[in-house]
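Here the structure is laid out as structure tokens; the discussion comes afterwards.
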Amino acid sequence: MSAPALSTTPAEGFTSTRFAQHLSQRAYLPAWWLEAKKAAWNQFNALPLPSRTDENWRFSDLKGLDLSGFTVPEDHSQKIPNHSGFAQAAEIVFSNRQVVARSHVSAELSSKGVIFAPLDEALRQHGDLVRTYFQKHPANLGSAKFVALNTALTVAGGFLYVPADVEVDLPFVIQHTLTGNNVSVFPHTIVVLGPRAKATVVEFFVSGGSSSVTASTLARSAPAAERQLVSGVNDLHAAEGAQLTYVGAQRWSRETLAFQINSIAVERDARVLSLNLHLGGRQSRHESHSRLLGPGAHSEMLSLTVADGDREFDQRTLQTHISPHTTSNLLYKNALLDTAKTIFSGLIIVEPDAQKTDAYQKNRNLMLSDTAEAHSLPGLEIQANDVKCSHGSTSARIDAEQEFYLQARGINPTEARRLLVSAFFEEVLNKLENEDLHASLTALIADQFKK
Amino acid sequence: MPTLEIRDLFVALAATPDKPIVKGLNLTIRTGEVHAIMGPNGTGKSTLSKAIAGHPDYVITSGDVLLGGKSILEMEADERARAGLFLAFQYPSEIPGVSIANFLRAAVQARLAEGEEIDATAYYKRLYSKMDLLKIDRKFTSRSVNEGFSGGEKKRCEILQMAMLEPTFSLMDETDSGLDIDALRIVAEGVNLMRGEKLGVLLITHYQRLLDYIVPDFVHVMYDGRIVKSGDKTLALELEAKGYDWVKQELALSASAAVATA
Numbered sequence: 234m235s236a237p238a239l240s241t242t243p244a245e246g247f248t249s250t251r252f253a254q255h256l257s258q259r260a261y262l263p264a265w266w267l268e269a270k271k272a273a274w275n276q277f278n279a280l281p282l283p284s285r286t287d288e289n290w291r292f293s294d295l296k297g298l299d300l301s302g303f304t305v306p307e308d309h310s311q312k313i314p315n316h317s318g319f320a321q322a323a324e325i326v327f328s329n330r331q332v333v334a335r336s337h338v339s340a341e342l343s344s345k346g347v348i349f350a351p352l353d354e355a356l357r358q359h360g361d362l363v364r365t366y367f368q369k370h371p372a373n374l375g376s377a378k379f380v381a382l383n384t385a386l387t388v389a390g391g392f393l394y395v396p397a398d399v400e401v402d403l404p405f406v407i408q409h410t411l412t413g414n415n416v417s418v419f420p421h422t423i424v425v426l427g428p429r430a431k432a433t434v435v436e437f438f439v440s441g442g443s444s445s446v447t448a449s450t451l452a453r454s455a456p457a458a459e460r461q462l463v464s465g466v467n468d469l470h471a472a473e474g475a476q477l478t479y480v481g482a483q484r485w486s487r488e489t490l491a492f493q494i495n496s497i498a499v500e501r502d503a504r505v506l507s508l509n510l511h512l513g514g515r516q517s518r519h520e521s522h523s524r525l526l527g528p529g530a531h532s533e534m535l536s537l538t539v540a541d542g543d544r545e546f547d548q549r550t551l552q553t554h555i556s557p558h559t560t561s562n563l564l565y566k567n568a569l570l571d572t573a574k575t576i577f578s579g580l581i582i583v584e585p586d587a588q589k590t591d592a593y594q595k596n597r598n599l600m601l602s603d604t605a606e607a608h609s610l611p612g613l614e615i616q617a618n619d620v621k622c623s624h625g626s627t628s629a630r631i632d633a634e635q636e637f638y639l640q641a642r643g644i645n646p647t648e649a650r651r652l653l654v655s656a657f658f659e660e661v662l663n664k665l666e667n668e669d670l671h672a673s674l675t676a677l678i679a680d681q682f683k684k
Numbered sequence: 137m138p139t140l141e142i143r144d145l146f147v148a149l150a151a152t153p154d155k156p157i158v159k160g161l162n163l164t165i166r167t168g169e170v171h172a173i174m175g176p177n178g179t180g181k182s183t184l185s186k187a188i189a190g191h192p193d194y195v196i197t198s199g200d201v202l203l204g205g206k207s208i209l210e211m212e213a214d215e216r217a218r219a220g221l222f223l224a225f226q227y228p229s230e231i232p233g234v235s236i237a238n239f240l241r242a243a244v245q246a247r248l249a250e251g252e253e254i255d256a257t258a259y260y261k262r263l264y265s266k267m268d269l270l271k272i273d274r275k276f277t278s279r280s281v282n283e284g285f286s287g288g289e290k291k292r293c294e295i296l297q298m299a300m301l302e303p304t305f306s307l308m309d310e311t312d313s314g315l316d317i318d319a320l321r322i323v324a325e326g327v328n329l330m331r332g333e334k335l336g337v338l339l340i341t342h343y344q345r346l347l348d349y350i351v352p353d354f355v356h357v358m359y360d361g362r363i364v365k366s367g368d369k370t371l372a373l374e375l376e377a378k379g380y381d382w383v384k385q386e387l388a389l390s391a392s393a394a395v396a397t398a
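Residue numbers (the working numbering), protein chains in the order written: chain A, 234 to 684; chain B, 137 to 398.
Quick look at the structure:
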């Protein structure tokens, strides 16, 4: 079910008039939600933009954080994307905030209580459930202003609820497509896995009208260079013993300013694997905050970035160990080309009660260019005395002999780089159990080298 | 019949272009022929093969290399390879994470026309038949290129690549180095299987040992950046018996004779 059509009067930026209009069009939604939006709107306006002195924004291009002139798109692209290439449990496709395609969960899953719906529908039909988990554990990495903007204006987003003991093998897919110049979108996805539930969620973020999530169709329609703004938020919850795999793949246009703020809450003996793939955008900030809330909880935090052109990828992470006997493992790999810039800033916090924590954090950068720039800021903050924590950061240049070896077999330099980057990424992709998904991401990465 | 012509070639390290390592080398190889270049260490044998293959550390300061009558000096390494040159490395690179199957697939794909996709079934069929021919276990294909390979495995992997890519001319740089006698025999068998009128081979070797297994049509002795003596396979035997000092002495004699007649 798609959101009701908005007025066709074009809006000028994020004005209070525009916001009031946004609210009045949503009077049918629960009162708490509208109140949350109002509070967020006020917070967005009250909070300053990040400043030079803010440690959370060290090395970021603050001049690039220009929110002026963006509007929310009033209509969606007429071309409805095709469904993705791999087998899936269900899919929701948004184009400019509106649902343009949707497949529903099977009757069997539905009868077991699985809910997979656009946020708007979930708010109306399962308002209390959404309310329980919506920003229950906000990420604390410096983007409160952009999260507030998301809450104030979010329309597009998915809500997945998998009840206790229900295991779903096939992925749930959510796609966000943004088309147009000076437009913005605010996706908010909430995933709730009940005790011992198991599910995989794949979220695609792409610019450009007709592209669908499949790598093969993306290859045919490279993202257009449209100025766009995205501020996305995720709330991922895994209750006791649950197993969640979350994949986010981003390929925004070359002129997109993108924020994506992930919150991961892992309870006793639960396990969350999150893998974020970053390919697009002009300036793309990704924050991921894991909280290990119960003994035995594990968070596997993975990221792959192909940084080419003059893009900036800004990655901030937090692994907060709150309970004893919790583990986390972070591996962020960046391949840098041209004059691209990456920033990785990661912190492991072990709270006083979190004895026997085992936390690891690693950032690896593969430099394919002398003019690219990789910053790495790893950190530890340990308040317990019986823990195992370590971090590491490496930057390696591609071995000239390896490159020559590939070329001496007739493989051109671009393809040689693609092979070496794929090899570099394989360690991370191999952690995905779903081979079709693995193949789909591999193809998406390969496509980034076809220019 | 295609030829590989090396004309008055001077090669130096890119970092020190005024210090030539190869100093005016001339050699013409036709398909169907196997030439061996022998010579003491440090005489420029490996430099010659890497420079012809387009290694970026080397610069050709003068002279020319013609493949089928066309100069290859303006071509990048990958273009030279696609034009039919193959360098079997003395020390093949390890490429962790890239399987042999995917690596060779990319190399075969690179030789197809723009927009043409490799036929995966046919590719694997061909790969397996070449592996059977070279007595290589099929499990080999899923291993990362050269990673953790023994010396013999690395060289066999080079021969497999050569068999798959079917070059017109193969430059084999110290193919025998690091091989025990069994591995050497297997590698030599592989080369002998590919020998024929479609392939020209330049074998670079320090020892005569390899030439017991791959019998060359021509043997050249390289010394101080040049070919100083050429002959048939018996030259290699003579060299083995008399040692490289024999060549040096002969050279010194002819040099002093030249001075005497001047």
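We treat Cβ as the ideally placed atom computed from N, Cα and C, and that holds for glycine.
{"Query": "Validate contact between the segment 158-175 of chain B and the segment 671-678 of chain A using beta carbons, cut 8 Å, 3 pairs", "Result": "no"}
{"Query": "Per-residue burial, glycine 336(B) [other beta carbons within 10 Å of its own, 16 or more giving buried]", "Result": "buried"}
{"Query": "Closest by C-alpha distance to tyrosine 259(B), when choosing among Thr139(B), Ile236(B), Ser280(B)", "Result": "Ile236(B)"}
{"Query": "Cβ-based burial, glutamine 226(B) [other Cβ within 10 Å; buried from 16]", "Result": "buried"}
{"Query": "Spatial distance of lysine 271(A) from proline 371(A) (CA atoms)", "Result": "17 Å"}
{"Query": "Any chain A beta carbon closer than 8 Å to valine 201(B)", "Result": "no"}
{"Query": "Cutoff 8 Å: leucine 652(A) Cβ touching any chain B Cβ", "Result": "yes"}
{"Query": "Outcome for proline 281(A) when other beta-carbon atoms lying within 10 angstroms are tallied against a minimum of 16", "Result": "exposed"}
{"Query": "Same chain only: Cβ atoms within 6 Å of histidine 470(A), ignoring 5 sequence neighbours per side", "Result": "Tyr366, Val425, Ala498"}
{"Query": "Beta carbon proximity, glycine 233(B) to chain A, threshold 8 Å", "Result": "yes"}
{"Query": "Start-end ranges of the beta strand (DSSP E) lying completely within the segment 173-223 of chain B, minimum 3 residues", "Result": "194-203"}
{"Query": "Simplified DSSP assignment, three categories, for leucine 244(B)", "Result": "The identity of residue 244(B) in the sequence shown is valine, whereas the question assumes leucine. Of the three classes helix, strand and coil, the one that applies to valine 244(B) here is helix, per DSSP."}
{"Query": "Interface flag, arginine 453(A) vs chain B, CB-CB below 8 Å", "Result": "Unreliable positioning characterises arginine 453(A) in this predicted model, as indicated by a pLDDT of 42, which lies under 50. A coordinate reading is not provided."}
{"Query": "Contact set between alanine 634(A) and chain B, taken where Cβ atoms lie within less than 8 Å", "Result": "Per the sequence shown, residue 634(A) should be read as glutamate rather than alanine. Within chain B, the residues near glutamate 634(A) are Ser229."}
{"Query": "Reduced DSSP secondary structure (H/G/I, E/B, other) of asparagine 329(A)", "Result": "coil"}
{"Query": "Valine 661(A): first and last residue of the uninterrupted alpha helix (DSSP H) it sits in", "Result": "646-662"}
{"Query": "C-alpha gap between proline 399(B) and glycine 220(B), whole angstroms", "Result": "Beyond the ends of chain B as shown, which are 137 and 398, falls residue 399(B); an answer cannot be given."}
{"Query": "Cross-chain neighbours of glycine 318(A) in chain B, by beta carbon under 8 Å", "Result": "Correct list: empty, because the minimum Cβ distance to chain B is about 17 Å."}
{"Query": "Rounded separation between tyrosine 380(B) and glycine 175(B) - CA only", "Result": "7 Å"}
{"Query": "Listed by chain order, chain A residues near proline 192(B) by CB distance under 8 Å", "Result": "Ala633, Phe637"}
{"Query": "Identity of the residues DSSP links to valine 363(A) by a beta bridge", "Result": "DSSP lists no partner for valine 363(A)."}
{"Query": "Threonine 550(A) versus Ala273(A), Glu288(A), Thr250(A), residue with shortest Cα-Cα distance", "Result": "Glu288(A)"}
{"Query": "Cβ-Cβ distance between glutamine 483(A) and glycine 514(A) below 8 Å", "Result": "yes"}
{"Query": "Cross-strand partners of asparagine 598(A) (DSSP beta bridge)", "Result": "Asn567(A), Ser628(A)"}
{"Query": "Residues near glycine 332(B) by beta carbon distance below 8 Å, same chain, minus five either side", "Result": "Gly168"}
{"Query": "Alanine 217(B) versus serine 278(B) - alpha carbon distance", "Result": "24 Å"}
{"Query": "Identity of the residues DSSP links to histidine 511(A) by a beta bridge", "Result": "Gln483(A), Thr538(A)"}
{"Query": "Chain A contacts made by the segment 273-306 of chain B, where a contact means CB separation under 9 Å", "Result": "Ser280, Val281, Asn282, Gln297, Leu301"}
{"Query": "Neighbour list for arginine 262(B) in chain A, Cβ cutoff strictly below 9 Å", "Result": "Result: empty, since nearest Cβ-Cβ is about 16 Å, beyond 9 Å."}
{"Query": "Cβ neighbours of tryptophan 290(A) in the same chain (closer than 7 Å, five flanking residues each side left out)", "Result": "Pro283, Gly375"}
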